[in-house]
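**Student:** Take a look at this one; I'll ask things after.
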Amino acid sequence: MLNDKTVLITGGTGSFGKQFVKTILARYPDVKKIIIYSRDELKQFELKQRYPAHEYPQLRFFIGDVRDRERMIQACEGVDVIIHAAAIKQVDTAEYNPTECIRTNVDGAENVIHAALQCGVHDVVALSTDKACAPINLYGATKLASDKLFTAANNIKGSKNIRFSVVRYGNVMGSRGSVIPFFISRRPEGVLPITHEKMTRFNISLQDGVDLVMFAIEHHLGGEIFVPKIPSYKILDVAKAVAPECELKVVGIRPGEKLHEEMITDTDSLNTIDLGRYYAILPSVSFTYSEDEYIDHHQATKVPFGFKYNSGTNTEWETVEGLRDLIREHVDPNFEV
0 MLNDKTVLIT GGTGSFGKQF VKTILARYPD VKKIIIYSRD ELKQFELKQR
50 YPAHEYPQLR FFIGDVRDRE RMIQACEGVD VIIHAAAIKQ VDTAEYNPTE
100 CIRTNVDGAE NVIHAALQCG VHDVVALSTD KACAPINLYG ATKLASDKLF
150 TAANNIKGSK NIRFSVVRYG NVMGSRGSVI PFFISRRPEG VLPITHEKMT
200 RFNISLQDGV DLVMFAIEHH LGGEIFVPKI PSYKILDVAK AVAPECELKV
250 VGIRPGEKLH EEMITDTDSL NTIDLGRYYA ILPSVSFTYS EDEYIDHHQA
300 TKVPFGFKYN SGTNTEWETV EGLRDLIREH VDPNFEV
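Residue 136 in numbering that gives the first Met the number 0 sits at position 137 of the sequence shown, and the numbers go up by one each step.
Right under this line is the structure:
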């Protein structure tokens, strides 16, 4: 799929980008070129140490910001596939710096689309978030706007051979800012701060997120928002898994935070199909494919009327022991209770 192709990853020095590069190199040894596009030269330097040029001549490192349209166009010359992972992701950061968040998450998305159309790119997959579903904070709102830009881009491609789609998933286990590393760091203090006793979240591993993107590249028609079927966890179960000996202190839900996360609302479900391993929300306006054509291509079925996908009403749940095993696998192999 990616052999003899040139792949560009925006935000390529983040958790996802590093895992994606590792996966490409393992699965597609004949990939033509992998371009890491990001604005942090220190993170690029650190990644270069992991992949020295004499051993990995297919890697390229571009300093650039998705806000810079001209630089994006330069970076996209000769590119076959774009994975758009760059974003301002912290909820509180976005609330305090709304204009900066919009410039990166919305204007940046538009620049990626423009560069892809201008440079003859064939496949574009943008990373979204569960917070883009019925958003209540600015970060989620900007990612919803970004999702709409990418899915609608299929309607302005004209005769160009290009497909745009989106992947949407929940909290990545062990990634920067996630709750498990935070709880582990607070164990020595004997107290874990809990926002709300009934809070739930979706849970996905970094590799499963990468695999979802790989699936999208290979199977998308363009316009889909792919959503994985993944388990939920209760915040209290995470606390028990990490530090059962610790006292729990309820500190309250933070501004812009939900009690449960959603990935498909009952309104979204009117345009949602079941692919088996994944769901796909189809574009509400498409001049390229009909609903029946999407269903036929993906060998899918329509979800039931009134269906919704919510971490609080999910049918699959992580257990305390299961969470401990996942922590050892994805966060800290030496973790012990």
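In this text, a Cβ means the ideal position worked out from N, Cα and C, and glycines have one as well.
Predicted, not measured: the structure shown is a model, and the values here were computed from it.
By the three-class DSSP mapping on this structure, what secondary structure does Ile229 have?
**Tutor:** Correct three-state label for Ile229: coil.
**Student:** Quick one: what does DSSP say Ile377 is sitting in, helix, strand or coil?
**Tutor:** Absent from the model: residue 377. The displayed extent of the chain is 0 to 336, so no value can be given.
**Student:** From what residue to what residue does the beta strand (DSSP E) around Arg200 run?
**Tutor:** Segment Thr199 to Ile203, the beta strand (DSSP E) holding Arg200.
**Student:** With DSSP collapsed to three states, give me the class of Glu99.
**Tutor:** Residue state, collapsed to three classes: helix.
**Student:** State the Cα-Cα distance for the pair Asp330 and Arg323, rounded to the nearest angstrom.
**Tutor:** First, the residue type needs correcting, since residue 330 is Val and not Asp in the sequence shown. Cα to Cα, Val330 sits roughly 10 Å from Arg323.
**Student:** Based on the DSSP secondary-structure assignment, which residues constitute the bridge partners of Tyr278?
**Tutor:** Tyr278 pairs with Val226 and Asp273.
**Student:** Looking at the secondary structure, which residues open and close the beta strand (DSSP E) in which Val80 lies?
**Tutor:** Unbroken beta strand (DSSP E) run through Val80: Val80 to His83.
**Student:** Give a yes or no on whether the C-beta atoms belonging to Arg49 and Asn110 are separated by under 9 Å.
**Tutor:** No.
**Student:** Count the other C-beta atoms from every protein chain shown that fall within 10 angstroms of the C-beta of Val249, then say buried if there are 16 or more, exposed otherwise.
**Tutor:** When all chains shown are included, Val249 counts as exposed.
**Student:** Among Asp64, Lys32, Gly63 and Ile62, which residue has its Cα nearest to the Cα of Ala52?
**Tutor:** Closest by alpha carbon: Lys32.
**Student:** Could you check if Arg200 is buried or exposed, using at least 16 other CB atoms within 10 Å of its CB as the buried criterion?
**Tutor:** So Arg200 counts as buried.
**Student:** Alpha helix (DSSP H) containing Glu292: first to last residue?
**Tutor:** Run containing Glu292: Glu290 to His297, per the alpha helix (DSSP H) assignment.
**Student:** Below 6 Å CB to CB, which residues in the same chain sit around Ala86 once its five sequence neighbours on both sides are set aside?
**Tutor:** Result list for Ala86: Asn104, in chain order.
**Student:** Using a Cβ-Cβ cut-off of 9 Å, state whether Gln57 counts as contacting chain D.
**Tutor:** No chain D appears in this structure, which consists of one protein chain only.
**Student:** Under the assumption that Tyr308 contacts Ile272 (Cβ atoms under 8 Å), give the Cβ distance between them as a whole number of angstroms.
**Tutor:** That belief does not hold up - the Cβ atoms of Tyr308 and Ile272 are roughly 13 Å apart, past 8 Å.
**Student:** Please name the residue in Ser127, Thr12 and Ala114 whose C-alpha comes closest to that of Ala215.
**Tutor:** Answer by Cα proximity: Ser127.
**Student:** Residues in its own chain within less than 8 Å of Phe181 by CB, not counting five upstream and five downstream?
**Tutor:** Excluding residues within five positions, none has a Cβ falling inside 8 Å.
**Student:** What I want to know is whether the C-beta of Glu40 ends up closer than 8 Å to one or more non-hydrogen atoms of the ligand MG.
**Tutor:** Among the ligands in the structure shown, none appear at all, so the ligand MG cannot be discussed.
**Student:** Please tell me whether Tyr138 and Lys130 are closer than 9 Å, where the distance is taken between their beta carbons.
**Tutor:** Yes; because the gap between Cβ atoms is below 9 Å, this pair is in contact.
**Student:** For the putative contact between Ile82 and Val190, defined by C-beta atoms under 8 Å, what is the C-beta separation to the nearest angstrom?
**Tutor:** That belief does not hold up - the Cβ atoms of Ile82 and Val190 are roughly 40 Å apart, past 8 Å.
**Student:** Let me check understanding here. Comparing Cα to Cα, which of Tyr27, Gly11, Ser268 and His296 lies closest to Met0?
**Tutor:** Out of Tyr27, Gly11, Ser268 and His296, Tyr27 has the C-alpha closest to the C-alpha of Met0.
**Student:** Whether or not the segment 114-128 and the segment 159-173 are in contact is what I'm after, with contact meaning three or more pairs of Cβ atoms, one per stretch, closer than 8 Å; do they touch?
**Tutor:** Flag = yes, the segment 159-173 and the segment 114-128 touch.
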